[in-house]
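In what follows, a single structure is set out as structure tokens and then discussed.
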Amino acid sequence: EEGGEEGGAGVAVVGEEEAASGEDLWRRRADACERVVRMSGLTYFIVRPALLDDLPGGVRRLVFSQEAASAARARGSVSRADVAEVIVRSLLDPRACNVAATLSESEYLPAAGGEREQDISKMLEALSPEQETV
1 EEGGEEGGAG VAVVGEEEAA SGEDLWRRRA DACERVVRMS GLTYFIVRPA LLDDLPGGVR
61 RLVFSQEAAS AARARGSVSR ADVAEVIVRS LLDPRACNVA ATLSESEYLP AAGGEREQDI
121 SKMLEALSPE QETV
């Protein structure tokens, strides 16, 4: 009987793993893809946008976070236009090399006067390149 109980527990555990939510499965796949990119030897800038929305860009202040992807991805939102702006501005910026970060928007309005460009540049400067891990 004990063997049956252990077997039953084992089946239950496997069942629980198989019943992982779609979001959990997506996160595991995204994490695996990030590992492949990091180990490729290529220079990269991984942007993990928060929940995407269709609001106009440049309305809310952007926030980068370098905490674990699974913790950071669940919070906030960001406009598609702002994600595109960050990616374009990072293309030739050496501070965006070998960096992974979650991008979201805070509820605070940015300062007026076109400071958004400066903000993105300063935000990239504050990010830490990842150390190679084997």
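Per full-length UniProt numbering, residue 1 is the first one in the sequence shown, and the count goes up by one each step. Glycine is no exception: its CB is placed at the ideal position from the N, C-alpha and C atoms.
Rounded distance between the beta-carbons of residue j and residue i, thought under 8 Å
i      : j     : result
Ser106 : Val63 : 5 Å
Classification of residue i by the beta-carbon crowding that lies within 10 angstroms, buried from 16 upward
i      : result
Ala111 : Note that Ala111 has pLDDT 49, beneath the 50 cutoff, so the model's placement of it is unreliable and the number below is only indicative. Under this definition Ala111 is an exposed residue.
Gly76  : buried
Leu124 : buried
Thr102 : buried
Sub-8 Å separation of residue i and residue j beta-carbons
i      : j      : result
Val90  : Ala50  : Per the sequence shown, residue 90 should be read as Ser rather than Val. Going by C-beta atoms, Ser90 is not nearer than 8 Å to Ala50.
Asp54  : Arg80  : yes
Glu130 : Ala96  : no
Ile46  : Val36  : no
Gln66  : Leu127 : yes
Glu34  : Gly57  : no
CA nearest to the CA of residue i, picked from the options
i     : options                       : result
Ala30 : Ser65, Arg48, Cys97           : Arg48
Val59 : Met39, Thr43, Leu52, Asp82    : Asp82
Val78 : Pro94, Leu52, Gly41           : Leu52
Gly41 : Met123, Thr102, Asn98, Leu124 : Asn98
Residue interval of the alpha helix (DSSP H) (run including residue i)
i     : result
Arg30 : Checking the sequence shown, residue 30 turns out to be Ala, not Arg. Here the alpha helix (DSSP H) through Ala30 covers 22–39.
Ala84 : 80–90
Element boundaries [beta strand (DSSP E), containing residue i]
i           : result
Val99       : 99–105
Ser128      : Ser128 -> no beta strand (DSSP E), and no H or E assigned at all.
residue 183 : Nothing about residue 183 can be read from this structure; the chain reaches only from 1 to 134.
Val63       : 62–65
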